[in-house]
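So the sequence shown is residues -3 to 441, counted in our numbering.
Where a beta carbon is used, it is the ideal one built from N, C-alpha and C, also for glycine.
Since the structure is predicted, the reported quantities are computational estimates derived from the model, not experimental observations.
Notes follow the structure.
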Amino acid sequence: MTVTPPSPSRPANSPQSLFIHGGRIIDPASGRDEIGDLLIIDGRISESTARPTDSSIPVIDAKGLIVAPGLIDMHVHLREPGGSQKETIASGTRAAAAGGFTSILAMPNTNPVADGPNTIALMTQRARETACVNVFTTGCITVGMKGEQLAPIGSLVKAGVVALTDDGHCVQNNEVMRRALDYARMFDLLTLDHCQDYNLSAGGVMHEGHWSTVLGLPGWPRIAEDMIVARNILLSELTGARILMQHLSSANAVHLVREAKKRNIKVYAEAMPHHIALTDASIEGYNTNFKMNPPLREKIDQDALLAGLADDTIEILASDHAPHASYEKEVEFADAPFGIVGLETELGIFAKILIEGRVLDWPQMLGKLTINPARLLKLDRGTLAPGAIADLTLIDPAHPWKVDATQFHSLSRNTPFNGWNLPARATHTIVDGRVVWSLEKQFEI
Ligand SMILES: [Zn+2]
């Protein structure tokens, strides 16, 4: 059976030609890392690297820049339909482009939730009208994300989803999850799970530990994550289905995934900028921009996540971009919604923690943002091989900048990183050979 790679939703613009001169070409899919030129003809990477004789083809001088496959963020909340005061597909994809991302995977917890082909069709249509980067969709595991009755998985696949998830919620009924995974395996579809046992985390608003005691806030302990990670490992082994543990935050969970991989169980894991850059100590001032789910944990968890990234137990980096309006976040800590925006800061945070911190080098880090998500989701992207779709991100690895949330393209400002100094930044976001955003000209291209 031939499988057609899923096509993304975004406006159909004619693919373009482009010559990128003198950059450090990093293609983690092939191990290529060298200074060189790249020629794009009609939206595809050309075999030739010769400077085009056609003077109408634009040239980018990439001296000092990294030329990477277009970055893919496989964990983004776009809020449309139903939450356009927080984010729309238009604003969210602009935030993605300005962060260096050429493809994003939209989570299904919109309003209505994406538990059937109609909502997927609506999102796809809106993305075609308004998106500036590729939008791929996910469908819910269960109807209404209630964890009770399976969503029509076959119809969701037909509608074009590339993964299943109830993200924001977690299916508590193990029998329902087992059946969902049986279906997912039939379609060889990746299931993404937000790992949270509701009994063990009931009422929790931050990590259970020293700081939750000091601050008098109810705790959401590691064990609530670990329990579901362990459940998913067992169910993956039983069903043969592929499961990715979303936003790992607990040291024990990293350990469980590492051990499962040694036994060749098809489990994967994801790490977010906030969980590797911050701990629960930052909640000292009750700032709700430090409230997310799963919560910020302790140094031992941070260290375990970094070790997991270093030994590839965790193969995916993503943002969990979760926009909320200021009026929603400007309430008591316990009452505020979980989540922070991330698309416009994540590359800089990853460079600061992982590259400056000598946890990973650029090719290793970029692999977790390009070819790894592309392979897991079966997207025909994430590489600079000749013939590949010319989605690229140019990065200045030595471009210090200061985060200013008032400048975000996202409609929301809920970031814990405002005022941070970051060492690196995307300079060009290129989709199908067309520059959709550049640091110099922004969207005026
Ligand atoms: Zn989640």
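Could you tell me which whole beta strand (DSSP E) segments of length 3 or greater appear in the stretch 148 to 187?
159 to 161, all fully within the stretch 148 to 187.
Hey, is the stretch 239 to 256 in contact with the stretch 377 to 385, meaning 3+ C-beta pairs nearer than 8 Å?
With the cut-off at 8 Å, the stretch 239 to 256 and the stretch 377 to 385 do not touch.
Please list the terminal residues of the continuous alpha helix (DSSP H) segment that includes residue 253.
Segment 247 to 258, the alpha helix (DSSP H) holding residue 253.
Assess contact between the stretch 110 to 118 and the stretch 138 to 153, defined as three or more Cβ pairs (one per stretch) separated by less than 8 Å. Is contact present?
The answer is yes - the stretch 138 to 153 touches the stretch 110 to 118, with three or more Cβ pairs under 8 Å.
Whole angstroms are fine: how far does the CA of residue 12 sit from the CA of residue 463?
There is no way to answer for residue 463, as the model of the chain reaches only from -3 to 441.
Can you tell me whether residue 23 is helix, strand or coil according to DSSP?
Three-state result, residue 23: strand.
In its own chain, which residues sit with a C-beta less than 8 Å from the C-beta of residue -1, not counting the 5 before and 5 after it?
At residue -1, the pLDDT of 47 sits below 50, so the modelled position is not reliable and the matter cannot be decided from this model.
Using 10 angstroms around the beta-carbon of residue 327, count the other beta-carbons present and answer buried if the total reaches 16, otherwise exposed.
By the neighbour-count rule (16 or more Cβ atoms within 10 Å), residue 327 is not buried but exposed.
Taking the runs of the alpha helix (DSSP H) that are 4 residues or longer, which of them lie wholly in the stretch 254 to 320?
Whole alpha helix (DSSP H) segments, 4+ residues: 269 to 273 and 295 to 306.
How many Å lie between residue 220 and residue 205 at the Cα?
Taking the straight line from one Cα to the other gives about 13 Å.
Give a single yes or no on whether residue 190 has its beta carbon closer than 7 Å to a heavy atom of ligand 1.
The answer is yes for residue 190.
With DSSP run on the structure shown, which of helix, strand or coil describes residue 348?
In the structure shown, residue 348 sits in a helix (DSSP, three-state: H, G or I).
Which of the three DSSP states is assigned to residue 368 in this structure?
Reduced to three states, the DSSP call for residue 368 is helix.
Can residue 164 be considered in contact with ligand 1, in the sense that its beta carbon sits closer than 7 Å to one or more heavy atoms?
Yes, the Cβ of residue 164 comes within 7 Å of a heavy atom of ligand 1.
Starting from residue 49 and walking both ways along the alpha helix (DSSP H), at which residues does that stretch end?
Taken as a continuous stretch (DSSP letters only), residue 49 belongs to no alpha helix (DSSP H), as it is neither H nor E.
Give every residue of the same chain whose Cβ lies closer than 7 Å to the Cβ of residue 36, excluding the five residues on either side of it in the sequence, and list them in chain order.
Excluding residues within five positions, the ones whose Cβ falls inside 7 Å are 13, 14, 42, 386 and 429.
In the DSSP assignment, what residue or residues form a beta bridge with residue 65?
Answer by DSSP bridge pairing, in chain order: 388.
So which of 29, 85 and 74 has the shortest CA-CA distance to residue 65?
Considering only alpha carbons, the answer is 29.
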